[in-house]
């Protein structure tokens with residue numbers, strides 16, 4: 332049988348087909364996500380806009396939209412794309428073309444990640460929906476600020492967000508080392524509250 336595991340920088344061996352929480356480390360997630368480019372790298376700036384930066388933004392938006400949400404759901408928002416640290420980020424049209432196999436792999440990894448950090452195997456539907464809403468606002472911001480979309484085009488694909496919600500949010504892609512540090516710091520701060 333072909334190899335189905337990935338060696339992490341922490342030394343862990345993550346079985347992609349049967350991941351276990353014991354093989355998951357936040358530093359590996361942060362490192363991987365800091366090097367995975369959103370928008371297939373088609374963004375303005377001297378650095379790619381990473382999934383780690385996107386995840387930090389989604390958590391901030393989720394928290395703004397749900398100010399009374401417990402820390403565990405803020406953590407779930409931060410980790411919403413965590414499986415991409417090993418399976419990469421695919422734009423939605425590619426995910427649709429790949430079929431259900433990608434989603435099944437993503438679900439197995441997410442379950443192990445959630446268990447590792449004390450979150451439920453599955454996030455309640457209302458929380459998942461709220462995180463997805465924050466994710467769409469993030470996509471609109473990314474599209475208009477760094478991915479070359481006109482506002483009208485972004486409105487068509489992602490819906491126009493409430494101006495008060497996005498006030499003061501400016502995207503400027505940063506070096507992976509800075510993003511990795513910020514992702515781990517935010518994770519640790521939220522985990523301490525869970």
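Residue numbers (this note's numbering): 332 to 525.
Every residue, glycine too, gets a C-beta built ideally from N, C-alpha and C.
In terms of residue numbering, what span does the beta strand (DSSP E) encompassing residue 336 cover?
336-338
Can you look up residue 344 in the DSSP assignment and give me helix, strand or coil?
strand
Measuring only the C-alpha atoms, how far is residue 355 from residue 419?
16 Å
Where residue 386 falls: helix, strand or coil (DSSP)
helix
Checking 9 Å against the spacing of the C-beta atoms, do residue 347 and residue 436 come in under that value?
yes
So, residue 372 versus residue 415, is the Cβ gap smaller than 9 Å?
no
Note down the Cα distance separating residue 510 from residue 360, rounded to an integer number of angstroms.
12 Å
Would you call the region 438-456 and the region 476-487 in contact, with 3 or more CB pairs under 8 Å?
The count of Cβ pairs closer than 8 Å, one atom from the region 438-456 and one from the region 476-487, stays below three, leaving the stretches out of contact.
Counted within 10 angstroms of its Cβ, other Cβ atoms place residue 422 as buried (16 or more) or exposed
In the assembly as shown, residue 422 is an exposed residue. Its beta-carbon has fewer than 16 other beta-carbons within 10 Å.
Rounded to whole angstroms, what's the CA-CA distance from residue 367 to residue 399? Just pull it up for me.
The alpha-carbon atoms of residue 367 and residue 399 are separated by roughly 31 Å.
Beta carbon of residue 448 nearer than 9 Å to that of residue 353:
Contact: no.
Whole-angstrom distance between residue 518 and residue 357, CA atom to CA atom:
Distance between residue 357 and residue 518, taken at the CA atoms: about 8 Å.
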